[in-house]
Amino acid sequence: MSPPIQLRVLGATDLRSADGEPLRRILTQPKRTALLVYVALARPRGYQRRERLLLRFWPEAATDRGRSALRLALHHLRRELGESVLLNRGDDEVGFADGSLRCDAIDFEAAVQQGRYTEALELYRGPLMAGFELDGSAEWDDWLGGERARLARLASSAATALAARAEAEEDAAAELRWRRAAVELDADDEVALRALLIALDAAGNRAGALAAYEAFCRRMRAGFDCEPAAETAKLAQAIRDRRPAPVRPAPPVEPSFAEAPVPADASPVIDPAITADERPFIDLLAVHPPRPASPSSQRVSVAEDASAPPSTRGVRRRWRAVLAGVAVLACAAVAWPALRGGVGGDDSVVATRVAVLPFAVRTGAPHTYLGEGMADLVSVRLDGTGELTTVDPYALLSFLRSRGDDQTSLEAGRRAAGRFGAGRFILGTVIEAGGRLHLTAAVYGADGRRLARAEVADLKEDSLFGAVDGLVRTLVAEGMDAPPEQLDRTAALTTQSLPALKAYLAGERAFRKGAFKRAAEQFALAVEGDSSFALASYRLSVAQDWAAQDGSVAAARAMRLADRLSTSDQQLLRARLAFRTGSAVAAEQLLRSLVAERPDNVEAWNELGEVLHHRAMWRGRSLATARPAWEQVIALDSSNVNARLHLAYIAALQGRRAELDSLVRSVAELSPAHESLTRTRAVRAFALDDEKGQAIAIDTLRAQSAAPRDANDIPAWGAAWRTADFLGDPEAGLRLAALMTENDRGAQSRLVGYTTRAHMQMARGRWRDARVQADSAARIDRDYAVRTWAFLAAFFPAALPADEVRRAYRDLAASPVPRALGTGGVVDEERGRYPAARHQYVLGALAVRMGDAAEANRRAAALAAMVDTTAAGRFARHLNAQLRARVRAAAGDVPGALQLVQSGWPEPVPELFVKDDSYSTVADRFFRARLLAASGRDAEALAWFGSLPEDISRGIMFPTAAEEDQARILERMGRRREAAEHYARFAHRWRQAEPELLPAVRAAQQRSAALQPGPR
């Protein structure tokens, strides 16, 4: 029997043939895709009656025409799938042949029903058919919405069951993680919320519990105009009123750094799990002065809960006894109707959300800026007035432009309101006569019924501010549910300087077109015109970041003026600062809270994508977790190049070659001169085995550094690393890095080219060739080459000859610690990032590899002496914990090593993301994953192994070696097909490894063959 068709619908929809190729001719036709999914998933499962399909997909068509359309759609599906896949049963029924289709949603439901909850949640990658749209089919939308809600509830029930299991095993950290997941998966489930509140409170995180409750309250009021159940409110009040339990003082030398999973509905309140050393920075992020911290809001580990008095512990035990029963009942209550077939609904219109469309401008050219400009000004004035929020202008204009018709008409307003769930929209006009302006504006309900109108006549341009204020006050008073006096709070958001305002509006227009450098120039002019114009300072920092410029000065200025920003802009600013100079956990919390409240905010989704793409791996998550955020950016702004580039890299990582090809082509169409396009085309060419494309990419990269010479050959260097990292293909990276070592390249280019090639050779299991590359680098800069080789020798994930390790140790010990910066670029970065701590750490790791525990402990002591509250001190503390763990692991104490790694694992802050030729944090994650695997914690180990690939990792040898580790775990778990694939990839990457390493390659080949399904 041939392998089944593979249908993936949890998250993005994907359909592949038996040989793994995407079935694009179906996927590009929404109705055929929807029909296929419905036949596969509609309940009761099995064959579906044609009348049911007609009612779902052609309800308004005449009977004959509908049947003809159905026959044609089925014909096209059979042509692509194969005649033996989609069958008729009699004249009236259609269904899939047994064993012809494998669907992740069906596997997910079966896993939940059979109690395989961890496996189920691995399958649940997102909502059913996320981002899929089928125009003009309300019946389909009803079914899809109901199924999405049902499967989300089922996923939440699985998380609840895992939380109950963790509680029974007294694994408080795991319980809290699953409680958060349950709430994230089904945000409307108050039983799950109450369980989370009690778990947070029991962990000493009372502030986090109350923040989660307040976020839920806001969501209930905004989405359903109601309050939480009385039981939930009573629980929150009990947590609020309870006297805090005494907190055991944290040890002064080695404070705990427990992980703090991020809730989907996280409050803007910074998580108390952030370490004491980071609190001074976090306090600076607070726009308003923070409340005095109560003892229970201080960070305390779950294990320290035993310090609570017996009466408190008794209360908690009683709560948990109740919740254990509730969890089981909740799981059964959700799973039973889910398996039998329940249907849910969704009311997405928010009465207090307002879409402000561009004004129609009927004047000469000097005033055309007021079209989008008036929409910007009115949006700024309305946003945050009472309960009012405005649709993100960026997303709104992108949607209107994509329609290609009039952006200022009543019909455009109705469409925009429907698209963004806005209860109201505003249209307006600007008319000029005799040098004077006449402004009119009207607010409409979502159905197009006018609710209020306002106008200002005989207006001079320099009186625009007062005119906008008058318009908005009238509209609010007559057509909205907000007191106009609350507009006073937003009066300070703009400027009284007309030149500054014009520059600001010009900057917004440029930003929406993707001209970020021009936008930054205009925002800078606005700041020059009015230094107190907070919104211009904030937008300047954003534009500079997007233009690859330093936006820190503008961000700091905006922070000083934060009380003049809207609430959402304040939150975005705090998140940006947290991501770039503080904690990624804090940034993620702020952004998740913001997108939950403002789902149309393009910038917030973009920032969330950046945080997850570049920081998720530090918490044991794949950078692919950023996919939903990037997809949401594109859904809101179809021309967004930044999101498409990031998605292209994720598609490469996930092996989605057709998607990668499509995304790269779309970037080329949208931004043919984009600086990253050549590197992305190189990734595409190697992913698709496109030899012509590879040759073009190599020639283009060579030419990009021709005149003037790039000292670091950044285009070739970036292409080599990204191709290797995202494709797991060090051979491609080796070939691209060879460009940097050509004879006419500069010395620094050749230096980095040789060290990059050394990394690539290690990833192929060819350490002798890597040593040759390092020796070539040493002829240019001996100390740089010594540090690179020492790192590779210390952490190579297979055996090395003892004399090679000793040589690396001697050379590094004799090499001076870098004290001065170099000439700039990647070499300069390596010299300037905490060199003393890294020097001691790599020497200690080499000592561990030599079996010299005493020397390793001396290096650990040197690291301990560097620990303080500075960034360098925090980095030294992390390396100290890692090195001591390696000493324990080498002595056979795997549990002790794992405990040290986990307790010393800090928050993802910028100083930890050191990636250069002589150190990469990928090594630390690889070590943690192997310890978890050795401890039998297979699911966690897989997650950490999955976190290894990252953008320009400088650690490609770890994910290639991890293919074998993952294969062993998957084989233990009974996932034979996946195990075979990982064994095969490992064997392919190491097929030319050193002779002494080839037995491992042959063993992997044999296991891969043994696990392949045989003939039946």
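Throughout the sequence shown, residue numbering follows our numbering, covering 902 to 1917 in sequence. Where a beta carbon is used, it is the ideal one built from N, C-alpha and C, also for glycine.
Consider the C-beta atom of residue i and the heavy atoms of the ligand FAD; say whether any pair is separated by less than 8 Å.
i: Q1907; result: This structure simply doesn't include the ligand FAD, nor any ligand for that matter.
Using the three-state DSSP reduction, which class does residue i fall into: helix, strand or coil?
i: V910; result: coil
i: K1816; result: strand
i: I1140; result: helix
i: R1254; result: strand
i: P1631; result: helix
i: C1004; result: strand
i: S1821; result: strand
i: G996; result: strand
i: L942; result: helix
i: T1290; result: strand
i: R1869; result: helix
i: V1534; result: helix
i: L1278; result: helix
i: A1239; result: Here the model assigns A1239 a pLDDT of 32, short of 50, so the residue's position is not dependable and the matter cannot be decided.
Using the Cα positions of residue i and residue j, report the straight-line distance between them to the nearest angstrom.
i: R1785; j: N1541; result: 46 Å
i: R1337; j: V1369; result: 15 Å
i: E1128; j: D1090; result: 13 Å
i: A1455; j: V1428; result: 9 Å
i: P1196; j: G1105; result: Residue placement at P1196 is flagged as unreliable, the pLDDT there being 31, under the threshold of 50; a coordinate-derived value is accordingly withheld.
i: A1525; j: I1551; result: 6 Å
i: L1602; j: A1617; result: 6 Å
i: A1252; j: E1288; result: 10 Å
i: D1307; j: R1282; result: 25 Å
i: T929; j: L982; result: 14 Å
i: F958; j: P931; result: 11 Å
i: A1910; j: A1862; result: 19 Å
i: R1826; j: L1833; result: 11 Å
i: E1864; j: L1554; result: 14 Å
i: A1766; j: N1781; result: 10 Å
i: A1664; j: A1699; result: 11 Å
i: R1720; j: E1570; result: 46 Å
i: S1442; j: Q1450; result: 9 Å
i: L1640; j: G921; result: 33 Å
i: R925; j: E1010; result: 27 Å
i: R1320; j: E961; result: 23 Å
i: V1084; j: H1547; result: 28 Å
If you drop the 5 nearest sequence neighbours on each side, which residues of the same chain put their C-beta closer than 7 Å to that of residue i?
i: T1624; result: A1583, V1584, F1587, D1630, A1633, G1634 and L1637
i: S1821; result: S1854, R1855 and G1856
i: G1745; result: A1757, R1760, A1761 and L1784
i: D1670; result: Q1662
i: P1529; result: G1027 and A1031
i: T1264; result: V1331, I1332 and E1333
List the residues that DSSP assigns as beta-bridge partners of residue i.
i: H1339; result: I1332
i: P862; result: As displayed, the chain neither begins before 902 nor continues past 1917, which places residue 862 out of reach and without an answer.
i: G1346; result: R1325
i: L1360; result: L1338
i: V1262; result: V1331
i: L1029; result: L911
i: Q949; result: V995
Which same chain residues, not among the five before or five after residue i, have their C-beta less than 6 Å away from its C-beta?
i: G885; result: Any answer about residue 885 is impossible in this case: the structure gives the chain only from 902 up to 1917.
i: A1261; result: T1309 and T1330
i: W1622; result: I1853
i: R1688; result: S1819
i: L1801; result: A1782, R1785 and A1786
Leaving out five residues on either side along the sequence, give the residues of the same chain with a beta carbon under 8 Å from the beta carbon of residue i.
i: D1470; result: L1436 and Y1439
i: D1008; result: L1024
i: V1815; result: R1734, Y1735, R1739, F1776, S1821 and T1822
Inside the region 1745-1770 only - alpha helix (DSSP H) runs reaching at least 4 residues: The qualifying runs are 1754-1767.
Sequence ranges, alpha helix (DSSP H) only - wholly within the region 959-991, length at least 4: You should have 964-982.
Entirely enclosed alpha helix (DSSP H) segments - the region 1039-1098, minimum 4 residues: Complete alpha helix (DSSP H) runs here, min 4: 1039-1069 and 1073-1086.
Uninterrupted beta strand (DSSP E) stretches inside the region 1651-1696 (no shorter than 3 residues): For the region 1651-1696, not one full-length beta strand (DSSP E) segment reaches 3 residues or more.
Residue ranges of each alpha helix (DSSP H) within the region 1839-1911, 4 or longer: Runs found: 1839-1847, 1858-1873 and 1877-1890.
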